[in-house]
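Q:
Residue numbers (the numbering used here): 25 to 139.
1) With C-beta atoms as the reference, is residue 143 less than 7 angstroms away from residue 51?
2) For residue 31, which of helix, strand or coil comes out of DSSP?
3) Using alpha carbons as the reference points, say which of 73, 94, 126 lies closest to residue 25.
4) Just mark residue 72 as buried or exposed, buried being the case when its beta carbon has 16 or more other beta carbons within 10 Å.
5) Helix, strand or coil: which one does DSSP assign to residue 137?
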């Protein structure tokens with residue numbers, strides 16, 4: 025049974041930092057990543073990382089956010105620096121198991137950036 029457990033969200037002032045973690049279990053995972061959904065908006069990709077370490081970032085977070093993973097722990101991280109109010113959203117962890125069956129999602133963690 026695949027499970028994704030997120031942690032690390034919270035309230036932070038603009039310019040501050042947060043680190044999200046997502047511990048996955050129940051499979052070996054290929055791509056893992058973070059998505060976010062702000063009120064009234066569609067869910068969007070923030071960053072993803074392959075098992076080999078190749079990364080993709082949304083243009084809006086390039087240079088501010090860093091995604092990383094520990095394959096031995098099946099854990100993916102998102103270091104968020106220089107946070108802006110527009111980063112406020114629910115952040116979801118996603119993971120693709122190997123062999124691929126479907127994308128699994130975490131329960132979401134709220135990130136709120138105040139001015």
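Virtual Cβ for every residue (Gly too), placed ideally from N, Cα, C. Everything numeric in this text was worked out from a predicted model, so none of it was measured.
A: Let me spell this out:
1) Since the displayed the chain opens at 25 and closes at 139, residue 143 lies outside it and no answer follows.
2) strand
3) 126
4) Per the 10 Å Cβ criterion, buried.
5) Residue 137 sits in a strand when the DSSP states are folded into three classes.
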